[in-house]
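Scroll down for the structure; my scribbles are underneath it.
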Amino acid sequence: MIRQFFERIGLEGALMKQAPFLLLLLMVISGQSLLAADLEALPEFLRSDPFGTIVASDRGSADLASSLYGAQHRVMLTGCRGGYASFQVVVKIRPAGLYTLDVTIPDPSNKVQIDLFREWFHFTDSDKHYYPDALIPVRATYSSRLPEPDNRIQQQTAQAFWVDVYIAPDTRPGVLPGRARLKASGKITTLPIQLTVLGCIIPAEDVVTIDHNSYGSSWLAQQFAGSYQRNSDHWFEGDQFLELIHTYHRVFYEHRGIFHQLGYGHSGKVGPEFAPVLEGSGRAKHIVSWSLYDRHYGPLFDGTAFSTCRRGPRPIPFVYLPINPEWPASYEFWDEPGYETEFVNVVSEMERHFREKGWTHTNFEVFFNHKKRYKGFPWDGDEVRFPKDLKYFLEYGRLLKKALPPDTPVHFIFRADVSWNMEQQFKILNGIVRLWCCGGGILSFYRYAPKMLCDRRDLVWYYGGPPSVTESSSAITEFPLRAWLWGVNGYVHWLTVSPGEDPWFHFDGGQTALVYSGERFGLTEPIPSIRLKIQRNCLQDLALLDGLKGRKPLDSLRAEAARSYNNSTLDDWWNPRPALADLPSDQWLGSAIEDAASHTRHALRHPAASAWYNVHQYALSLQAEAK
Amino acid sequence: MKIVYRIVLTVSLMFAMLGIPKLSPDASVDMERELDAVARIGSVMVDGDICQKIVTQRAKELMFASDPRDEFLAGDNYDVDDVSFNAVKKTLIRLSHLASFPADVNLWMPIEGHPGKIQLVIRNKNEMSQFWNWGELYGDMVPQMETVLKTGRRVTITSKQDWVSVLAPVHNSLGDVVGLIEAVSRARADTHENVK
């Protein structure tokens, strides 16, 4: 091997005699270069793998890398107040070794704050590659070594960090210097940073509500098994458990989202923390204890659960009620006087309790999630396919009306998650259902619907699921953008807390997770993900864009955002009404729906990693114009 | 000590292999006795003719259908006659009240033309069953179910730790065994299981 090397560089012969010396020299020289330590900044949309290469799905936008740098290799950040500017730094060390990273933007007024996160590299079984997603909070000065011991990646030479720069609403506009500094291999590498704080303030209110849904609580015991096992007999009634639920609400709230936890199963079993305790039957049925319910929900309904948040305390805007066909009335009495009596009496008690507590800022959702295929009840509450099932909705509408005082300040809202049959439900359940959560594919056939529903003061969300980490970094932004372009009020990620059996070393891609348990890192709370951060930053931009509608027509803002995003037109975001829309919904075929949605699927497929960067630049350019 | 250890180990293994329930003996016996009574009464009270009307013809025809472009074809076409369903479900709920502890009574029915397969047709509010794998439209019939359907005899099953199920036949007006009920409970209730 050494001989071949010398032959190749033409040093065979006499010099071969000096081989031992030359070899030593070579090792020293190469050692110098191999001991290199480097610090690189990347925009939020370019994700690095553990070897310092941009992941394949973002690589098509690799030219974005230079967008972050100004003169003298300075990282140039620009942000509005009341929100975050984000970027990434990548530590590269060859060979393995110790390092210390610190990132600072000193601000004597403490209005500008830095949150530093180490990015976890997940190995995805589907394509046998590493992707960063989970974000482990670390101190602004972080010391470790490569390969990172807990991530266990042989030959790891790069560690990426997510940097959130929080800019408080009352920060003084101007320029702040900062730096990222790496100490490794006996040398210090510094990357200068310049933060420009613009005068604009990101509206506190979001233009679209992004919901992060979940089911029950048993997953918490699995994901925080250490905590659960220490007190398994009483864990589900303990303060630690309830506080853990609150931390989930907080992580989504801090990322401009909301969190839902459905508290009952498909046959009506209600988790104890989701409902007051009932006793009796028929006329005698009543609430005997609010204790656990109030400990769970009280801080969420009065906002005190969020008192430590940067966004400030605020009551949660939406919550599922435990109401289902088996609660509070027993299904044994369905269609009998006893069912009505039990339902009306208990729901009336609930209204009274909420009113007396002053919980009047939350929408309490009456929502039926069951499907008949799960064998609990004979009608579909979720995604009605058979029109005959609608009579049950009408009956619950009647019962609810009877239970609630007409002038109640408590906001009960009847919600329906609709797909096949939505067009008929919009008509038949007009005035009963006020929150429509629509399947996105089918809603795309009915371009008239958002305006029609919003005009009658209904709320309209649509639903889907998070993109896999294997998709481009901007894929997560398609959902909020679509909601805004469509003119609907929100979007629901149907499941966001279920990262699979082994997200750390055998990841399923994260299509049911946007947060992870922090327990393996010694934390008693969830940790966020890159996708959640990018979604938050997208929501900031949408709020900014929408805030300009007084100066520019909303349609023109939307059209330009769509063009910036993926060179699409607003028409591309809708499908033509298909012939099947005029058939009864129980005659539709799933494959026909897929065919009918092919226009949007082709027009919008695979947004590039740079897609949201372009919209962000558009939003910032409008701010400059407005100034 | 070694001998004592071996004896304990052998006895434990024997118990495990025999499937003897892990409940305390008294609790187990009481629970089995009560559930057996529920199942026995259920066999008389549940109307097999009505049970046979619950699952619609369309649902039966498409239960085993598959389409690579339509992952949920069978589930999306699952449908029931709600009048029959409600009538039987109410009976099952009332039967469960006969037990002095939380219990469910579920209805299972074989699927015509598909020997060895069975479907859960009605579940109840405690969401308990020893045999239902969450979410499945139909499943494989366990041998004890086959025994009930063939012989019309009740069978008690305690093979799953903490659980007791008593399976009992459901007859129609012709005297045929057309289904079975599962009277089920568990010694230690899991208040969060299946809340999803």
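Those protein sequences? They're chains S and R, same order as listed.
Heads up: the first sequence begins at 163 in the numbering used here, then just goes up one per residue.
Heads up: the second sequence begins at 51 in the numbering used here, then just goes up one per residue.
We put the beta carbon where it would ideally sit given N, CA and C, even for glycine.
Beta-ladder partner(s) of residue i, from DSSP
{"i": "residue 284(S)", "result": "293(S)"}
{"i": "residue 609(S)", "result": "Bridge partners of residue 609(S): none, in fact."}
{"i": "residue 216(R)", "result": "206(R) and 233(R)"}
{"i": "residue 210(S)", "result": "216(S)"}
{"i": "residue 200(S)", "result": "254(S)"}
{"i": "residue 338(S)", "result": "357(S)"}
{"i": "residue 159(R)", "result": "169(R)"}
{"i": "residue 238(S)", "result": "356(S)"}
{"i": "residue 349(S)", "result": "346(S)"}
{"i": "residue 579(S)", "result": "599(S)"}
Residue interval of the alpha helix (DSSP H) (run including residue i)
{"i": "residue 158(S)", "result": "Residue 158(S) lies beyond the residue range present for chain S, which begins at 163 and ends at 789; the question has no answer from this structure."}
{"i": "residue 124(R)", "result": "123-126"}
{"i": "residue 658(S)", "result": "Per DSSP, residue 658(S) belongs to no alpha helix (DSSP H) and is neither H nor E."}
{"i": "residue 692(S)", "result": "692-708"}
{"i": "residue 755(S)", "result": "752-758"}
{"i": "residue 101(R)", "result": "98-101"}
{"i": "residue 505(S)", "result": "499-519"}
{"i": "residue 778(S)", "result": "773-788"}
{"i": "residue 559(S)", "result": "552-565"}
{"i": "residue 143(R)", "result": "132-146"}
Proximity to residue i [Cα-Cα], best of the options
{"i": "residue 497(S)", "options": "97(R), 88(R) and 133(R)", "result": "133(R)"}
{"i": "residue 428(S)", "options": "333(S), 406(S), 533(S) and 290(S)", "result": "533(S)"}
{"i": "residue 306(S)", "options": "293(S), 320(S) and 295(S)", "result": "320(S)"}
{"i": "residue 207(S)", "options": "479(S), 293(S) and 785(S)", "result": "293(S)"}
{"i": "residue 222(R)", "options": "182(R), 94(R), 88(R) and 128(R)", "result": "94(R)"}
{"i": "residue 364(S)", "options": "600(S), 492(S) and 243(S)", "result": "243(S)"}
{"i": "residue 559(S)", "options": "582(S), 547(S) and 591(S)", "result": "591(S)"}
{"i": "residue 574(S)", "options": "626(S), 276(S), 514(S) and 649(S)", "result": "514(S)"}
{"i": "residue 742(S)", "options": "735(S), 685(S), 752(S) and 733(S)", "result": "752(S)"}
{"i": "residue 157(R)", "options": "148(R), 150(R), 145(R) and 172(R)", "result": "172(R)"}
{"i": "residue 584(S)", "options": "478(S), 765(S), 748(S) and 200(S)", "result": "748(S)"}
{"i": "residue 162(R)", "options": "213(R), 106(R) and 147(R)", "result": "106(R)"}
{"i": "residue 102(R)", "options": "122(R), 138(R), 142(R) and 111(R)", "result": "138(R)"}
{"i": "residue 151(R)", "options": "231(R), 84(R), 224(R) and 228(R)", "result": "84(R)"}
{"i": "residue 736(S)", "options": "767(S), 571(S), 761(S) and 721(S)", "result": "761(S)"}
{"i": "residue 315(S)", "options": "296(S), 396(S) and 211(S)", "result": "211(S)"}
{"i": "residue 112(R)", "options": "217(R), 187(R), 225(R) and 207(R)", "result": "187(R)"}
{"i": "residue 300(S)", "options": "323(S), 702(S) and 273(S)", "result": "323(S)"}
Within chain R, partners of residue i - CB distance below 7 Å
{"i": "residue 433(S)", "result": "241, 242 and 245"}
{"i": "residue 760(S)", "result": "In chain order: nothing, as chain R lies at least about 12 Å away."}
{"i": "residue 378(S)", "result": "242, 245 and 246"}
{"i": "residue 661(S)", "result": "Under the 7 Å cutoff, chain R gives no residues; its nearest Cβ is about 16 Å from residue 661(S)."}
N- and C-terminal bounds of the beta strand (DSSP E) containing residue i
{"i": "residue 271(S)", "result": "Premise fails: residue 271(S) is in no beta strand (DSSP E) and is neither H nor E."}
{"i": "residue 449(S)", "result": "448-451"}
{"i": "residue 639(S)", "result": "Note, residue 639(S): premise wrong, no beta strand (DSSP E); not H, not E."}
{"i": "residue 407(S)", "result": "Taken as a continuous stretch (DSSP letters only), residue 407(S) belongs to no beta strand (DSSP E), being part of the alpha helix (DSSP H) at 401-416."}
{"i": "residue 264(S)", "result": "259-266"}
{"i": "residue 305(S)", "result": "303-308"}
{"i": "residue 467(S)", "result": "Taken as a continuous stretch (DSSP letters only), residue 467(S) belongs to no beta strand (DSSP E), as it is neither H nor E."}
{"i": "residue 320(S)", "result": "320-329"}
{"i": "residue 481(S)", "result": "480-482"}
Whole-Å CB distance - residue i paired with residue j, under 8 Å assumed
{"i": "residue 235(R)", "j": "residue 81(R)", "result": "6 Å"}
{"i": "residue 198(S)", "j": "residue 260(S)", "result": "That belief does not hold up - the Cβ atoms of residue 198(S) and residue 260(S) are roughly 15 Å apart, past 8 Å."}
{"i": "residue 411(S)", "j": "residue 483(S)", "result": "Actually they are not in contact, since the Cβ atoms of residue 411(S) and residue 483(S) sit about 17 Å apart, beyond 8 Å."}
{"i": "residue 670(S)", "j": "residue 662(S)", "result": "4 Å"}
{"i": "residue 276(S)", "j": "residue 337(S)", "result": "About 16 Å separates the two Cβ atoms, so there is no contact after all."}
{"i": "residue 782(S)", "j": "residue 727(S)", "result": "With 8 Å as the limit, residue 782(S) and residue 727(S) do not qualify as a contact, their Cβ atoms being about 15 Å apart."}
{"i": "residue 243(R)", "j": "residue 380(S)", "result": "6 Å"}
Listed by chain order, chain S residues near residue i by CB distance under 7 Å
{"i": "residue 128(R)", "result": "534 and 535"}
{"i": "residue 177(R)", "result": "427, 429 and 431"}
{"i": "residue 140(R)", "result": "494"}
{"i": "residue 171(R)", "result": "537"}
Chain R residues whose Cβ lies nearer than 8 Å to that of residue i
{"i": "residue 472(S)", "result": "Those within 8 Å of residue 472(S) in chain R number zero; the least Cβ separation is about 32 Å."}
{"i": "residue 445(S)", "result": "Those within 8 Å of residue 445(S) in chain R number zero; the least Cβ separation is about 18 Å."}
{"i": "residue 627(S)", "result": "Ordered by position in chain R, no residue passes the 8 Å Cβ test against residue 627(S), which lies about 14 Å from the chain."}
Cross-chain neighbours of residue i in chain S, by beta carbon under 8 Å
{"i": "residue 252(R)", "result": "Because chain R in this structure spans residues 51 to 246, residue 252(R) falls outside the shown range and cannot be described."}
{"i": "residue 151(R)", "result": "Correct list: empty, because the minimum Cβ distance to chain S is about 15 Å."}
{"i": "residue 119(R)", "result": "752, 753 and 756"}
{"i": "residue 187(R)", "result": "535"}
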